[in-house]
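Worksheet: the structure to be examined is printed underneath.
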Amino acid sequence: MSKSSQLFPVPQSFGQKAQINKASYEELYRESVTDPEGFWGKQAEELLLWKKPWSKVLTWDFKTPTIRWFEGGKINLSENCLDRHLASRADKAAIIWEGNEPGETRTVTYRELHAQVCKTAALLRSLGVKKGDRVAIYLPMIPEAAVAMLACARIGAIHTVVFAGFSAEALRDRINDCGCSLLITANEGLRGPKAIPLKETCNEAVAECPTIKKVLVVRRTDAATPMEPTRDLWYHEALAKLPADADGRAESMDSEDPLFILYTSGSTGKPKGVLHTTAGYLLHVTLTHRAVFDIKEDDVYMCAADVGWVTGHSYVVYGPLSNGATTVIFESLPTYPDAGRYWDVVDRHSVTIFYTAPTAIRALVKEGDAWVKKYDRSSLRLLGTVGEPINPDAWLWYHAVVGDSRCPIVDTWWQTETGGVLISPLPGATATKPGSATLPLFGVQPVLVDDDGKEIVGNGVSGRLCMKFPWPGMMRTVYGDHERFRQTYFSMYPGLYFTGDGCRRDEDGYYWITGRVDDVLNVAGHRLGTAEVESAIVRSGLVAEAAVVGIPHEIKGQGIGAFCVLRENVAKDAATTKGILHTVREVISPIAAPDAIWFVSGLPKTRSGKIMRRILRKVGEGEFESVGDVSTLADPAVVSEIVATVKGAPLLQK
Ligand code: WT7
1 MSKSSQLFPV PQSFGQKAQI NKASYEELYR ESVTDPEGFW GKQAEELLLW KKPWSKVLTW
61 DFKTPTIRWF EGGKINLSEN CLDRHLASRA DKAAIIWEGN EPGETRTVTY RELHAQVCKT
121 AALLRSLGVK KGDRVAIYLP MIPEAAVAML ACARIGAIHT VVFAGFSAEA LRDRINDCGC
181 SLLITANEGL RGPKAIPLKE TCNEAVAECP TIKKVLVVRR TDAATPMEPT RDLWYHEALA
241 KLPADADGRA ESMDSEDPLF ILYTSGSTGK PKGVLHTTAG YLLHVTLTHR AVFDIKEDDV
301 YMCAADVGWV TGHSYVVYGP LSNGATTVIF ESLPTYPDAG RYWDVVDRHS VTIFYTAPTA
361 IRALVKEGDA WVKKYDRSSL RLLGTVGEPI NPDAWLWYHA VVGDSRCPIV DTWWQTETGG
421 VLISPLPGAT ATKPGSATLP LFGVQPVLVD DDGKEIVGNG VSGRLCMKFP WPGMMRTVYG
481 DHERFRQTYF SMYPGLYFTG DGCRRDEDGY YWITGRVDDV LNVAGHRLGT AEVESAIVRS
541 GLVAEAAVVG IPHEIKGQGI GAFCVLRENV AKDAATTKGI LHTVREVISP IAAPDAIWFV
601 SGLPKTRSGK IMRRILRKVG EGEFESVGDV STLADPAVVS EIVATVKGAP LLQK
């Protein structure tokens, strides 16, 4: 039996206590697809606190596309995450913060978090931020990141969180795309042994952001931080100066009022602003967080993702807090100060549910089992993964070594665009198979289509993964460019939402995501567009033309291979490689730096000038013998040069 066809039944002890078992999953799923409005209406009533009930559960049409959930309803997300818990959970930990150094921790109760968010909401108001205004958040993993997001949601400002590993240029472009008036940052970030000069990066970015009026700075370290007196404010000072009666009330929001914009890469052009709205998103993350993680009152839940990504939005902040759970915010790295850090955190905070990315798991596999076994981990009862396909070996290690063969694993498939998980096991209901995200969650109607968009029915089939019915957490538009929204997701297969992923449905109806079928890369769980990386490479001034492909990488899953045609008189040497890497880091982020740079004299192009990426992908994967038909190339000879170059050049870093 191959590793991936092994079946792991729900452990009996887990199943008996779980909120949802196999029979109840099947029944709820059936209800959710036969009567979606009835199902979601009931969930919305049970799971959320409304200021005013909705008049219509759903209006939709994938042609225009139009998606509206809970129209007519009034709600405030921060009240759902905070105020409604005060009666029964005021002294419960909302956030347990584990800082960069082991043992540097802070616990924030629901009462304290509520007070802090109200004050911060009032501060934002006093700075002139109004409902509908955009606020950029460029913060490390500190409680203030959650506070800033919730404060925006409280007053109806739309936040756009930018991962604090992005460059000044990337930050500037995002701020300008949606016209933020305020930027919230910290003086410095700490990541393992390094201090990250966040405020400096912000200074550089904001110099070219005409809409930014104020920069609010959280003091994370004692480092000297020059302030621009008319523009910059220390967060702690501004809070201290706030009058006692400052207005921290929760705004009454329409269900479809925008909640946040999060930029993500696509196959073409610049990253796009994925827009999520209020009620549907909140319902989706509340229900999925509760069901997928089988959340109970005394759980200590830890998702290791950064708030700069959608996982951090939905499953570090909004989902857990809406459910009144305790969420761990982890500032450091899985290998700092050593490869036992996660399990040290698990033991010290008695973490019961642990959720991370396959790339982190693979990195830890390499460090050896002793780092895991050194810690007790008996508090753990459930493990999760997200972000990329998990290879069965990594899954089996996670299960046997981290989970002592005791904890179920939920492999959760979703996207920035989907807002929350769509395909995943429910730990008390679904037998798992290593590498499969298993079955659709409530209301999710996946279909596989062939290249022509024809639905492939039955089991034991492969195709492109689409959705044929909306779910409450789905994105509503690309900020400022609705046509791009339609074009990107709804034009390829009319009537369907296209995910960009390839997928197999096995004999048991289980879904196996095989990875992107478009020009999007997934590097260590980070999403990057080939076009975006190529244009950054060309910006170095050293390269005339570049083509980027995904290449196999032991830890990152996918690495970046860059074929570069150099400009005249540029040497094919280490200095050129360094120059290219430097530019990519500056233009995008270190996460986009290629793992291999190959200098070639030409790219394989058709006679009409189109780069044949299929060939580059094959060569990049080391499949030198099976590059396929090259007869339509303008110059078939470039292929042998490309093959020889790749064969002779190892990766830049492992
Ligand atoms: C892409 C979305 C989901 C939040 C983090 C990433 C890949 C995501 C899985 C999984 C296989 C997965 C897909 C998807 N992906 N989760 N469990 N198994 N692939 O969000 O940056 O928007 O990336 O990540 O290819 O399309 P994202």
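When the count follows our numbering, it moves up by one through the sequence shown with no breaks and lands on 654 for the last residue.
Cβ coordinates follow ideal geometry from the N, Cα and C atoms, glycine included.
Closer than 7 angstroms: residue i CB and nearest the ligand WT7 heavy atom
i	result
Gln-415	yes
Ile-513	yes
Glu-532	no
Gly-500	yes
Ala-437	yes
Arg-505	no
Arg-617	no
Asp-222	no
Arg-516	yes
Arg-377	no
Trp-309	yes
Val-285	no
Val-478	no
Asn-727	Any answer about residue 727 is impossible in this case: the structure gives the chain only from 1 up to 654.
Val-584	no
Pro-440	no
Thr-356	no
Gly-156	no
Pro-661	This structure cannot settle anything about residue 661, because the visible part of the chain is limited to 1 through 654.
Thr-728	Residue 728 lies beyond the range of the chain shown here (1 to 654); nothing can be said about it.
Pairwise C-alpha distance: residue j and residue i
i	j	result
Val-543	Val-587	15 angstroms
Arg-585	Gly-192	19 angstroms
Asp-298	Thr-327	11 angstroms
Thr-34	Ser-314	27 angstroms
Leu-82	Leu-465	37 angstroms
Gln-116	Glu-455	51 angstroms
Pro-494	Phe-62	8 angstroms
Leu-581	Trp-598	12 angstroms
Arg-106	Ile-96	6 angstroms
Glu-388	Asp-518	15 angstroms
Leu-448	Gln-558	24 angstroms
Leu-521	Glu-621	14 angstroms
Leu-282	Lys-610	43 angstroms
Glu-37	Val-57	6 angstroms
Ile-513	Ser-2	18 angstroms
Arg-527	Gly-312	15 angstroms
Phe-607	Arg-613	Per the sequence shown, residue 607 should be read as Arg rather than Phe. Cα-Cα distance, rounded: 14 angstroms.
Thr-385	Ile-409	7 angstroms
Asn-187	Glu-104	18 angstroms
His-553	Ile-642	20 angstroms
Ala-547	Leu-190	34 angstroms
Leu-633	Ser-626	16 angstroms
Reference residue i, options the options, closest by Cα
i	options	result
Phe-490	Thr-66, Ser-13 and Ile-20	Thr-66
Asp-369	Asp-506, Phe-469 and Tyr-398	Tyr-398
Gly-156	Lys-130, Gly-165 and Asn-459	Lys-130
His-284	Gly-419, Gly-128 and Val-57	Gly-419
Leu-139	Leu-124, Val-161, Cys-152 and Asp-133	Val-161
Val-307	Ala-437, Ala-291 and Phe-166	Phe-166
Arg-134	Leu-521, Ile-184 and Thr-107	Ile-184
Lys-366	Gly-559, Tyr-493, Ala-339 and Arg-348	Ala-339
Ser-13	Arg-381, Val-444 and Thr-412	Arg-381
Leu-259	Pro-389, Thr-277, Asp-245 and Ala-164	Thr-277
Ala-136	Glu-188, Arg-172, Ser-631 and Phe-469	Arg-172
Leu-652	Lys-578, Pro-392 and Lys-214	Lys-578
Ala-536	Ile-513, Pro-358 and Glu-169	Glu-169
Glu-98	Asp-518, Asp-450 and Arg-348	Arg-348
Ala-400	Trp-413, Glu-417, Arg-377 and Trp-414	Arg-377
Ala-575	Ser-540, Ala-186, Glu-208 and Arg-249	Ser-540
Asn-391	Asn-323, Arg-362 and Thr-416	Arg-362
Asp-450	Cys-503, Ile-353 and Ala-437	Cys-503
Lys-213	Ala-224, Ala-205, Cys-180 and Thr-221	Cys-180
Unbroken stretches of the alpha helix (DSSP H), 4 residues or longer, contained in the segment 497-558: 530-538
Cβ pair count under 8 angstroms reaching 3, the segment 421-432 against the segment 239-256: no
Three or more C-beta pairs below 8 angstroms linking the segment 298-309 and the segment 317-334: yes
Touch test, the segment 251-262 against the segment 225-238, Cβ-Cβ under 8 angstroms, three pairs minimum: no
Every unbroken beta strand (DSSP E) inside the segment 233-275 [3 residues or more]: The qualifying runs are 258-264.
Length-filtered (3 minimum) beta strand (DSSP E) runs lying within the segment 144-173: List check, beta strand (DSSP E) in window: 158-161.
The segment 502-516 contacting the segment 476-492, beta-carbon criterion three pairs below 8 angstroms: Contact annotation: the segment 502-516 does not touch the segment 476-492, with fewer than three C-beta pairs closer than 8 angstroms.
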